[in-house]
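Notes to accompany the following structure.
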Amino acid sequence: MNDVWAFFSFSDPTVRIVSLGTVFLAMSASVVGTFAFLRKRALVGDAIAHAILPGIAIAFMLSGTKNPIVLMMGALISGWLATWAMEYITEKTKLSNDTAVALVLSVFFGIGIMLLTHIQHSGTGNQSGLDQYLFGKAAGMTEQDLWTYSVVALLLLTVVISLYKELKVYSFNPDFAAVSGLPVKAIRRILNLVTVLAIAIGIQSVGVVLMAALLITPAAAARAWTSSLKIMLFLAALIGGISGLSGSLISYLSPAMPTGPWIVMTLSIITLLSLFFAPRGGALSRLLKQRRHSQKILNENLLKVFYKLSVERKLEKSGLNVAELLAERAINKSDFAAAIKRLKRKNWLLAEGKKLKLSSIGLVEARRVVRLHRLWEMYLSQRLNLKEDHIHPNAESMEHIISPELEALLLKELDFPTQDPHNSPIPYSN
Amino acid sequence: MKNQTALEVHNLTASYQRKPVLWEIDFKVPSGHLIGILGPNGSGKTTLLRNIMNLMEADSGYVKIFGKDLDEVRSRLSYVPQRESVDWNFPASVREVVEMGRYRPGNLLRRLKSSDKQKVKASLEKVGMLAYADRQISELSGGQQQRVFIARSLAQEADIYLMDEPFVGVDAATEEAILSILSGLRDEGKTVLIVHHDLQSAYQYFDWMILLNTRLIAAGPKEAVFNSTHLREAYGGKLNLLSKLGEIIAREQFPLREPDFKEKEGSGDE
Amino acid sequence: MEAFFIIATGALVAMTCALLGSFLLLRKMAMLGDAISHAVLPGIVLAFMISGSRDNFIMLIGASLAGLLVTLLIELLHKKIHLQEDASIGISFTWLFAIGVILISAYTEQVDLDQDCVLYGEIAYVPFDLIYFSGGQLFFPRATIISGLLFLLTLGFVLVAYKGLKITSFNSDYAKSLGISTLAWHLVFMSMVSVTTVLSFEIVGAILIVALLVVPPATAYLLTKRLKQMLVLALIFAVLSAIGGYYLAVFLDASIAGAMVSFAGFFFLLALIFSRLRARSLKVDAYLKE
Numbered sequence: 001m002n003d004v005w006a007f008f009s010f011s012d013p014t015v016r017i018v019s020l021g022t023v024f025l026a027m028s029a030s031v032v033g034t035f036a037f038l039r040k041r042a043l044v045g046d047a048i049a050h051a052i053l054p055g056i057a058i059a060f061m062l063s064g065t066k067n068p069i070v071l072m073m074g075a076l077i078s079g080w081l082a083t084w085a086m087e088y089i090t091e092k093t094k095l096s097n098d099t100a101v102a103l104v105l106s107v108f109f110g111i112g113i114m115l116l117t118h119i120q121h122s123g124t125g126n127q128s129g130l131d132q133y134l135f136g137k138a139a140g141m142t143e144q145d146l147w148t149y150s151v152v153a154l155l156l157l158t159v160v161i162s163l164y165k166e167l168k169v170y171s172f173n174p175d176f177a178a179v180s181g182l183p184v185k186a187i188r189r190i191l192n193l194v195t196v197l198a199i200a201i202g203i204q205s206v207g208v209v210l211m212a213a214l215l216i217t218p219a220a221a222a223r224a225w226t227s228s229l230k231i232m233l234f235l236a237a238l239i240g241g242i243s244g245l246s247g248s249l250i251s252y253l254s255p256a257m258p259t260g261p262w263i264v265m266t267l268s269i270i271t272l273l274s275l276f277f278a279p280r281g282g283a284l285s286r287l288l289k290q291r292r293h294s295q296k297i298l299n300e301n302l303l304k305v306f307y308k309l310s311v312e313r314k315l316e317k318s319g320l321n322v323a324e325l326l327a328e329r330a331i332n333k334s335d336f337a338a339a340i341k342r343l344k345r346k347n348w349l350l351a352e353g354k355k356l357k358l359s360s361i362g363l364v365e366a367r368r369v370v371r372l373h374r375l376w377e378m379y380l381s382q383r384l385n386l387k388e389d390h391i392h393p394n395a396e397s398m399e400h401i402i403s404p405e406l407e408a409l410l411l412k413e414l415d416f417p418t419q420d421p422h423n424s425p426i427p428y429s430n
Numbered sequence: 431m432k433n434q435t436a437l438e439v440h441n442l443t444a445s446y447q448r449k450p451v452l453w454e455i456d457f458k459v460p461s462g463h464l465i466g467i468l469g470p471n472g473s474g475k476t477t478l479l480r481n482i483m484n485l486m487e488a489d490s491g492y493v494k495i496f497g498k499d500l501d502e503v504r505s506r507l508s509y510v511p512q513r514e515s516v517d518w519n520f521p522a523s524v525r526e527v528v529e530m531g532r533y534r535p536g537n538l539l540r541r542l543k544s545s546d547k548q549k550v551k552a553s554l555e556k557v558g559m560l561a562y563a564d565r566q567i568s569e570l571s572g573g574q575q576q577r578v579f580i581a582r583s584l585a586q587e588a589d590i591y592l593m594d595e596p597f598v599g600v601d602a603a604t605e606e607a608i609l610s611i612l613s614g615l616r617d618e619g620k621t622v623l624i625v626h627h628d629l630q631s632a633y634q635y636f637d638w639m640i641l642l643n644t645r646l647i648a649a650g651p652k653e654a655v656f657n658s659t660h661l662r663e664a665y666g667g668k669l670n671l672l673s674k675l676g677e678i679i680a681r682e683q684f685p686l687r688e689p690d691f692k693e694k695e696g697s698g699d700e
Numbered sequence: 701m702e703a704f705f706i707i708a709t710g711a712l713v714a715m716t717c718a719l720l721g722s723f724l725l726l727r728k729m730a731m732l733g734d735a736i737s738h739a740v741l742p743g744i745v746l747a748f749m750i751s752g753s754r755d756n757f758i759m760l761i762g763a764s765l766a767g768l769l770v771t772l773l774i775e776l777l778h779k780k781i782h783l784q785e786d787a788s789i790g791i792s793f794t795w796l797f798a799i800g801v802i803l804i805s806a807y808t809e810q811v812d813l814d815q816d817c818v819l820y821g822e823i824a825y826v827p828f829d830l831i832y833f834s835g836g837q838l839f840f841p842r843a844t845i846i847s848g849l850l851f852l853l854t855l856g857f858v859l860v861a862y863k864g865l866k867i868t869s870f871n872s873d874y875a876k877s878l879g880i881s882t883l884a885w886h887l888v889f890m891s892m893v894s895v896t897t898v899l900s901f902e903i904v905g906a907i908l909i910v911a912l913l914v915v916p917p918a919t920a921y922l923l924t925k926r927l928k929q930m931l932v933l934a935l936i937f938a939v940l941s942a943i944g945g946y947y948l949a950v951f952l953d954a955s956i957a958g959a960m961v962s963f964a965g966f967f968f969l970l971a972l973i974f975s976r977l978r979a980r981s982l983k984v985d986a987y988l989k990e
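Sequences listed follow chains S, X and R, in order.
Read in order, the letters of the first sequence correspond to residues 1 to 430 in our numbering.
Read in order, the letters of the second sequence correspond to residues 431 to 700 in our numbering.
Read in order, the letters of the third sequence correspond to residues 701 to 990 in our numbering.
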């Protein structure tokens with residue numbers, strides 16, 4: 001626990017540099033990556049990250065220094081070249097886009113590995129630390145690195161903020177952007193450039209292999225919570241920042257642990273949780289919704305049974321018992337009991353001893369369901385020209401879906417019919 | 431043989447990403463006709479074919495072919511997908527593609543028999559592509575590509591042919607050649623269903639029609655179907671109510687059928 | 701002799717990848733190969749920890765399970781959660797790869813694998829792990845034998861399943877309409893890719909496998925319009941890359957696998973230039989004809 005305190009007090013300058021640097025890198029990659037995500041170019045980001053390796057190696061071989069600015073220039077050039085190569089191959093040859101991406105990724109990476117091992121084996125003494133680009137080594141960040149990366153991160157943010165509108169339109173719909181007279185080519189170039197730049201600095205923290213995660217994963221998590229681009233960018237940056245911080249915390253507490261993979265681990269867990277539990281798009285909310293629907297369907301089906309037996313066949317004297325209900329419509333026992341309970345709670349059913357009876361508000365509700373069923377049958381037979389013996393199954397499910405707004409439309413279009421196609425009366429409230 | 435029911439589509443409802451594109455389609459098709467499936471863009475024509483071939487799952491309803499399930503009579507059906515649906519840069523020769531018409535789940539690991547190869551040749555001859563048998567498919571024109579697809583289908587020697595837009599992007603000569611092949615099939619008592627979008631030529635080409643626009647407008651002999659009332663209904667736009675309901679279903683993740691609901695009559699393959 | 705064994709092993713792995721990669725390319729699933737090659741890592745590490753050795757069989761099971769897991773995860777994210785496909789792939793494999801690296805760092809004592817090996821394999825050490833036959837008279841490196849058997853298995857698979865691979869790659873809907881189970885074919889094919897990835901892992905490293913899967917087939921694809929020619933050309937480029945890569949690596953004192961990939965990339969560049977020139981001259985011909 002003391003260690004955690006020590007970390008968050010940021011009194012150790014190394015901790016300060018490493019955690020600040022990691023957070024900046026992760027945040028800027030997340031922001032830029034959001035656009036890559038929206039343009040469905042997650043794997044292109046992956047390819048660019050791999051393709052940066054030979055640039056770094058060549059920059060080192062030519063300059064003999066590990067100056068971050070020099071290496072970044074190399075990274076930028078080879079990342080840019082890779083972007084161009086992917087576009088060229090996709091456009092000019094019969095190879096598909098995904099093949100072009102995999103091809104550029106692996107060839108650039110292979111060359112990078114070859115050069116890197118060459119540098120390592122030639123042992124100029126200054127080469128150690130270049131392999132940190134493979135898996136990232138945030139712990140080795142110096143103050144000079146931090147300054148460089150912060151400036152670049154700031155630059156990226158400035159570009160994104162000042163071109164926010166253009167980037168937004170272009171990412172959602174490039175065709176529309178072109179039609180409305182935006183300079184799409186320039187926007188694409190700028191976006192490519194900031195992506196390469198974000199990747200070039202981002203690999204410092206997670207390395208080339210895992211860089212795609214830093215770009216895409218925060219955006220995917222953010223997307224689950226919102227559909228507004230502004231909030232999405234903010235959330236992605238937040239999620240990226242938190243993951244960066246937790247990655248450096250973990251490797252501070254347990255120095256054997258690599259920072260980069262733990263950043264990705266945190267990111268992935270946040271994202272998977274978001275995808276499952278987010279209130280709007282999440283899988284859980286969808287399951288709950290489906291459960292609510294099936295309860296609603298059961299409720300309404302039972303009301304219909306009550307309506308048919310008690311109002312239309314006038315069986316009701318002092319209510320209906322369970323056997324009578326189940327004879328009319330087969331429903332499994334536990335579902336049936338649960339549905340009865342729900343209807344009682346809503347005061348749509350009243351119990352009289354062992355028998356059950358529709359209340360006055362239950363009757364209104366039952367009428368509504370029966371009315372929708374019969375109206376829809378009417379619609380199917382008139383507008384879809386379905387035969388009488390074919391319309392019942394469809395109406396059986398649509399009666400639960402039709403909203404009051406649609407009901408109004410239906411009534412207007414059918415001109416308030418009094419009978420359904422089977423000549424049963426359509427019950428109106430009054 | 432003629433006018434026996436070749437194909438029955440019963441109360442078929444189908445959706446893409448939960449949004450219904452076919453509502454309660456219900457019709458029977460007699461054998462021995464050249465049948466056009468007509469309707470505006472996005473009216474579900476291709477979806478209908480894909481459902482008949484069981485390439486996607488229907489939400490409700492079923493399809494019977496000669497009164498049986500698809501799997502029992504699969505060899506009597508032949509499907510021609512849209513020409514654009516494949517990558518014509520695929521490295522294969524015309525002959526190789528037409529030979530696929532003789533592939534069966536049972537002979538995939540074996541060589542084709544010489545009788546199969548004969549049938550391939552005969553089909554190529556029928557569409558006038560025998561001279562191009564060793565051409566690579568990437569070198570063909572649009573019309574030639576379509577002829578290859580028709581030849582592949584002919585090599586299947588089926589009784590029902592389902593073709594998705596065979597006349598799109600082909601030259602006039604090919605269109606005429608394909609039409610005469612298809613009429614020939616009809617005269618042999620085969621049933622040919624064709625997804626077609628050109629109303630101008632439809633009346634001349636087909637003798638039976640299925641008019642669709644998400645729902646079935648009409649199905650029957652062309653004289654009964656091809657009239658201004660039906661056409662106006664089909665091409666007059668979507669039914670407002672139906673598309674609104676479709677949106678609600680897609681958004682709210684409603685089931686298109688109640689889970690416990692059983693259809694009483696004719697529940698064949700459910 | 702050492703050079704021969706290294707080249708032979710590299711060539712056998714590259715040829716296996718060339719055969720499978722050709723169909724991977726035609727199925728437009730190159731990036732799925734990328735995903736699988738990353739994702740097998742945690743499976744390999746776990747198998748290592750459990751068995752405590754480089755027992756190929758247990759590694760095979762572990763990695764195949766991981767390969768299956770990533771395919772299922774991608775499917776789950778894409779189909780059930782409605783996340784777009786590229787992001788589903790990107791998120792799934794980076795996550796599994798991160799888990800693999802974390803496991804390696806956490807259990808360095810038990811796991812005799814270093815991170816570099818993950819990236820570019822240890823083909824240089826191939827000649828030192830020998831298996832002896834007929835009383836020590838005859839010996840071959842273990843990796844050469846394994847990659848030889850793998851190549852024979854793959855070659856046999858491609859020859860026997862040629863028609864099925866062809867029709868399901870070209871037009872899967874049509875294959876389905878004939879009653880062919882395209883899902884079964886997909887699974888069998890992807891298992892072959894997974895097995896190859898795992899067995900080649902020690903030799904060229906997980907990530908460079910993608911290069912061998914994609915680059916020689918793509919080179920061949922640019923040069924020919926015939927499937928059989930494409931397969932043969934891809935095999936030839938695979939062998940040439942292995943030979944050229946070895947000597948380049950010796951010359952530069954660098955990773956052999958990396959040099960093999962660089963050589964493969966060089967062949968692709970030549971093929972690209974050639975096919976562009978040919979396309980241009982065809983255009984000129986057509987222009988002159990008019």
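Think of the CB as a built atom: it goes at the ideal place given N, C-alpha and C, for glycine as much as any other residue.
Taking the Cβ atom as the reference point for each residue, do residue i and residue j lie within a distance shorter than 8 Å?
i: TYR591 of chain X; j: LEU609 of chain X; result: no
i: SER30 of chain S; j: ALA236 of chain S; result: yes
i: THR924 of chain R; j: ALA971 of chain R; result: no
i: THR716 of chain R; j: ILE903 of chain R; result: no
i: LEU358 of chain S; j: ALA366 of chain S; result: yes
i: ALA49 of chain S; j: ILE203 of chain S; result: yes
Find the residues of chain S that neighbour residue i, judging by a C-beta separation of less than 9 Å, and give them in chain order.
i: ILE580 of chain X; result: The contacting residues do not exist; ILE580 of chain X stays about 25 Å from chain S at best.
When the cut-off is 8 Å and only beta carbons count, does residue i lie next to chain R?
i: ILE331 of chain S; result: no
i: PRO258 of chain S; result: yes
i: SER285 of chain S; result: no
i: VAL18 of chain S; result: no
Against residue i, what residues of chain S qualify as contacts under a CB-to-CB distance less than 7 Å, listed in chain order?
i: PHE656 of chain X; result: Near PHE656 of chain X there are no residues of chain S at all, since even the closest Cβ is about 16 Å away, more than 7 Å.
i: PHE684 of chain X; result: HIS293 and ILE401
In chain S, which residues lie less than 8 Å from residue i when you measure between Cβ atoms?
i: TYR921 of chain R; result: LYS94 and LEU95
i: TRP638 of chain X; result: Within chain S, no residue comes near TRP638 of chain X; the closest Cβ sits about 17 Å away, beyond 8 Å.
i: SER805 of chain R; result: ALA256, MET257, PRO258 and PRO261
Please list, in chain order, the chain R residues whose beta carbon lies closer than 7 Å to that of residue i.
i: VAL516 of chain X; result: PHE870 and ASN871
Output yes if chain S places a C-beta closer than 8 Å to the C-beta of residue i; else output no.
i: GLU487 of chain X; result: no
i: GLU700 of chain X; result: For GLU700 of chain X, the predicted model reports a pLDDT of 26, less than 50, meaning its position is unreliable; a value from the coordinates is still stated below. No, because no Cβ of chain S sits closer than 8 Å to the Cβ of GLU700 of chain X.
i: ARG645 of chain X; result: yes
i: ARG978 of chain R; result: no
i: ILE973 of chain R; result: no
i: SER703 of chain X; result: Past the boundaries of the shown model lies residue 703 of chain X; chain X is included only from 431 to 700, so the question cannot be answered.
i: ASP985 of chain R; result: no
I'd like to know whether the C-beta of residue i is nearer than 8 Å to at least one C-beta of chain B.
i: ILE199 of chain S; result: Among the protein chains in the structure shown, which are S, X and R, there is no chain B.
Pull the bridge partners of residue i from the DSSP assignment, please.
i: ASP594 of chain X; result: X:VAL625
i: LYS355 of chain S; result: S:GLU352
Starting from residue i, find everything on chain R with Cβ-Cβ shorter than 9 Å and list it in chain order.
i: LYS40 of chain S; result: GLN784, GLU785, ASP786 and ALA787
At a CB-CB cut-off below 7 Å, which residues of chain X make contact with residue i?
i: VAL860 of chain R; result: LEU539
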